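All the letters of the sequence shown, read from the start, carry residue numbers 67 to 423 under our numbering. Heads up, the beta-carbon is just placed ideally off N, CA and C, and yes, glycines get one too. Computed from a predicted structure; not experimentally measured. Down below is the structure, laid out as structure tokens.
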Amino acid sequence: MRDEPNRETGHREGAGPWRRLPPMTPAGRAATAVPGRVRTVADPAAGPPAPPGGRTVPPSPLDPGAALDPHPVHRRLREEFPLTYDPLLRAWVLSRYADVATALTDPRFTHGHRPGDPACARAHTDADPAELRAVVERTAHVLARRLAGRERADLVADFCHWLPAGTVAAAVGVPYRDMMRLVRGRAASALAGECGGQIAVREKALASFLGNVLADPDQVAALRDAPGGLVARAWTESLRRDPPVQIVVRRTREDVRVSGGILPGGSPVALLVGAAGRDPERFREPDRFDPLRDDPDQLTYGPRPCPAVLLAALEAEYALRALFGAMPRLRLDDGFRPAPAGLITRAPRTLVVRPNG
């Protein structure tokens, strides 16, 4: 079954600068930006028709194999089809950083109740950062100590799956034994508000973050006792390189000019956040995980005072501190490498580690 768009998605309110993007060729515009000339599929199960006149057909983010490796599809869309209509998504598709960042912030696109959106910021201005920090630190410490004596552990199942839920439970006073029963899914929204209940997205973001750090022994050494500022940079870099939500849908309020043409007003638009985060026109060596890069940015979470934004960052920081504190020799299991998977949401499904080296 294909992943459905995740309603728990979070996106940042602001966006950093970018360099001017190269113009598309006339053939690229004609093939992808003009309604009526785009690819159409009456029955998606039957597959796309042969391109008329030998014209190149744009790839789809939902093409077979994209769940395992979407980056070749993303690269081709950025380079050749910055604006195209995808009948499988039933939406126009944007993949370049400049266009995706604009769609996430420009009032000509609809916005919803998401981390970083104005409605979210107005709804949660009373969050107590000190209280949330204490809750996350305590929960991460308890979970890490439970893994310390094992020969092997799966950080996704045994840590990432529990920390976001545990912080919500602790924040609202739910007993630890009732944590998962009460704070996952819809119950989390009822307990902690719509934004505070974004457990699934935070879980995936944390799994990708830990996978990125542990995959490189040099990163492990640099971040084991790193100050909070460096951990925060590594967190931002992980969100850029491997965002937990790959595709977000918005709708245009009016015609909007983007790379490759004009988006019609009132149209659904699929924003490829994963493609935008690896746009070489915005980031140098975009496929490399580099917490010290001098061109950082990410499009998943913004700086607004939202519990989901704050909790996600605190969970990343205290996850590292708790794990390395309880298991100083923590490393990936022999021969194991993190393997992200998913189309709409994406993260490693397992992180097999040796707690004691």
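Just to confirm my understanding: we take valine 139, look at its own chain, exclude 5 residues before and 5 after, and list those with CB closer than 7 Å. What are they? Locating residue 139 in the sequence shown gives position 73, counting from the first residue. Cβ within range, chain order: Pro125, Pro127, Asp129, Ala132.
Close Cβ partners of threonine 205 (< 7 Å) along its chain, the five nearest in sequence each way excluded: Reading the sequence shown from its first residue, position 139 is the one you call residue 205. Hits under 7 Å: Leu229, Gly232, Thr233, Ala236.
Report buried or exposed for aspartate 109, applying the criterion of at least 16 other Cβ atoms within 10 angstroms of its Cβ. By 1-based counting over the sequence shown, the position of residue 109 is 43. Because aspartate 109 sits at a pLDDT of 34, beneath the cut-off of 50, its placement in the model cannot be relied upon, and the following sentence gives the value as read from the coordinates. Exposed, since its Cβ has fewer than 16 Cβ neighbours within 10 Å.
Identity of the residue in His137, Leu149, Leu272, Ile410 nearest alanine 374 by Cα: The residue labelled residue 374 in the question sits at position 308 within the sequence shown. The candidate whose alpha carbon is nearest that of alanine 374 is Leu272.
Who are the near neighbours of arginine 156 in its chain, counting only those whose CB is closer than 8 Å to its CB and skipping five residues on each side? Walking along the sequence shown from the start, residue 156 turns up at place 90. Excluding positions up to five away in sequence, the list reads Pro334.
Would isoleucine 265 and isoleucine 410 be called neighbours here (beta carbons separated by less than 8 Å)? Counting from one through the sequence shown, the residue named residue 265 turns up at place 199. Counting from one through the sequence shown, the residue named residue 410 turns up at place 344. No. Outside cutoff.
Under three-state DSSP, which class holds phenylalanine 390? As a working note, residue 390 is residue 324 in the sequence shown. It is helical.
For glycine 327, the first and last residue of its enclosing beta strand (DSSP E): Stepping through the sequence shown from its first residue, residue 327 is reached at position 261. 327-329 is the span of the beta strand (DSSP E), which, as asked, contains glycine 327.
Assigned secondary structure, tryptophan 158 (DSSP; H/G/I helix, E/B strand, else coil): Residue 158 sits at position 92 when you count from the first residue of the sequence shown. Looking at tryptophan 158 - three-state DSSP - the assignment turns out to be strand.
Please state the DSSP three-state secondary structure of threonine 318. Residue numbering aside, residue 318 sits at position 252 when the sequence shown is read from its first letter. Residue state, collapsed to three classes: strand.
DSSP three-state assignment for alanine 99, whether helix, strand or coil: Counted from its first residue, the sequence shown places residue 99 at position 33. In this prediction, alanine 99 has a pLDDT of 37, which is less than 50 and means its spatial position is unreliable; what the coordinates show is noted afterwards. Alanine 99: coil per DSSP, three-state reduction.
What distance in whole Å lies between the Cβ atoms of arginine 268 and histidine 378, which are believed to be in contact at a cut-off of 8 Å? The residue you call residue 378 lines up with position 312 of the sequence shown. The residue you call residue 268 lines up with position 202 of the sequence shown. The question names histidine, yet the displayed sequence has alanine at residue 378. Confirmed, about 5 Å.
Cβ of phenylalanine 289 within 8 Å of Cβ of leucine 296? Here residue 289 is taken as the residue at index 223 of the sequence shown, counted from 1. Here residue 296 is taken as the residue at index 230 of the sequence shown, counted from 1. Sequence inspection shows leucine at residue 289; the phenylalanine mentioned does not correspond to that position. Against a cut-off of 8 Å, the Cβ pair of leucine 296 and leucine 289 comes out as a contact.
Taking three-plus beta-carbon pairs below 8 Å as touching, is the segment 324-343 in contact with the segment 378-387? no
Residues bridged to aspartate 152 [DSSP beta-bridge criterion]: Working through the sequence shown from its first residue, we reach residue 152 at position 86. Aspartate 152 is bridged to Ala157.
DSSP state of leucine 417 mapped onto helix, strand, coil: Position 351 of the sequence shown, counted from the first residue, corresponds to residue 417. Residue state, collapsed to three classes: coil.
Determine the direct distance from the alpha carbon of proline 352 to that of methionine 393, and round the result to whole angstroms. As a working mapping, residue 393 is identified with position 327 in the sequence shown. As a working mapping, residue 352 is identified with position 286 in the sequence shown. The straight-line gap from Cα to Cα measures roughly 31 Å.
Buried versus exposed, by CB contacts within 10 Å (16 or more), arginine 395: Along the sequence shown, one-based indexing puts residue 395 at 329. So arginine 395 counts as exposed.
Nearest neighbour of threonine 168, chosen from Asp220, Tyr151, Pro153, Arg323 [CA to CA]: Here residue 168 corresponds to residue number 102 of the sequence shown, with the count starting at 1. When each option's Cα is compared against that of threonine 168, the closest is Arg323.
Starting from alanine 219, follow its DSSP beta bridges and name the residues at the other end. Numbered from 1 along the sequence shown, position 153 holds the residue referred to as residue 219. DSSP lists Val419 as partners of alanine 219.
Could you spell out the range, first to last residue, of the alpha helix (DSSP H) harbouring alanine 336? The residue given as residue 336 occupies position 270 in the sequence shown. Per DSSP, alanine 336 lies in no alpha helix (DSSP H) segment; the continuous beta strand (DSSP E) that holds it begins and ends at 334-338.
Give the straight-line distance between the Cα atoms of aspartate 165 and serine 325, rounded to the nearest whole angstrom. Residue 165 sits at position 99 when you count from the first residue of the sequence shown. Residue 325 sits at position 259 when you count from the first residue of the sequence shown. Answer to the nearest angstrom: the Cα atoms are 7 Å apart.
I'd like to check one pair, arginine 420 with arginine 397: are the Cβ atoms closer than 8 Å? Within the sequence shown, numbered from 1, the residue matching residue 397 stands at position 331. Within the sequence shown, numbered from 1, the residue matching residue 420 stands at position 354. The answer is yes: Cβ separation under 8 Å.
Determine, using beta carbons only, whether leucine 329 comes closer than 8 Å to chain E. Among the chains in the structure shown there is no chain E, since it carries only a single protein chain.
Let's see if you can read the secondary structure: which residues bound the alpha helix (DSSP H) around phenylalanine 275? Here residue 275 is taken as the residue at index 209 of the sequence shown, counted from 1. Here the alpha helix (DSSP H) through phenylalanine 275 covers 265-280.
Is it right to say alanine 196 is buried, meaning 16 or more other beta carbons lie within 10 angstroms of its own, or is it exposed? Locating residue 196 in the sequence shown gives position 130, counting from the first residue. With fewer than 16 Cβ atoms within 10 Å of its Cβ, alanine 196 is classed as exposed.
Could you check what DSSP says for alanine 175 in three-state terms: helix, strand or coil? The residue you call residue 175 lines up with position 109 of the sequence shown. The sequence given here has phenylalanine at residue 175, not alanine. For phenylalanine 175, the secondary structure class from DSSP, reduced to helix, strand or coil, is strand.
Alpha carbon to alpha carbon, what distance is there between leucine 198 and valine 311? As a position in the sequence shown, residue 311 is number 245, starting the count at 1. As a position in the sequence shown, residue 198 is number 132, starting the count at 1. Straight-line Cα distance between these residues: approximately 24 Å.
Pick from Phe390, Gly423, His177, Phe225: whose alpha carbon is nearest that of valine 315? The residue labelled residue 315 in the question sits at position 249 within the sequence shown. Residue His177 is the option with its Cα nearest to valine 315.
So, at 8 Å on beta carbons, what are the nonlocal neighbours of arginine 212 in its own chain, with the 5 sequence-adjacent residues on each side left out? Your numbering for residue 212 matches position 146 in the sequence shown. Asp224, listed in sequence order.
Kindly list the residues whose CB is nearer than 6 Å to the CB of cysteine 226, restricted to its own chain and excluding five residues on each side of it in sequence; keep chain order. Start at 1 with the first residue of the sequence shown, and residue 226 comes out as number 160. Cβ neighbours of cysteine 226 beyond the five flanking positions: Glu269, Leu272, Ala273.
Output needed for aspartate 345: all residues of its chain with C-beta closer than 7 Å, excluding positions within five of it in sequence on either side, in chain order. Within the sequence shown, residue 345 is the residue found at index 279, counting from 1. The residues are Arg144, Arg162, Tyr163, Pro352.
Quick one: residues in its chain with C-beta nearer than 6 Å to the C-beta of valine 12, no 5 flanking neighbours on either side, listed in chain order? The structure shown does not extend to residue 12, since the chain is modelled only from 67 to 423, so the question has no answer here.
Quick check on threonine 411: does DSSP put it in helix, strand or coil? Looking up residue 411 in the sequence shown gives position 345. Threonine 411 falls in the strand class under three-state DSSP.
When you compare each of Leu365, Ala200, Leu154 to threonine 302 by their alpha carbons, which one comes out closest? Walking along the sequence shown from the start, residue 302 turns up at place 236. Of the candidates Leu365, Ala200, Leu154, the one whose C-alpha sits nearest the C-alpha of threonine 302 is Leu365.
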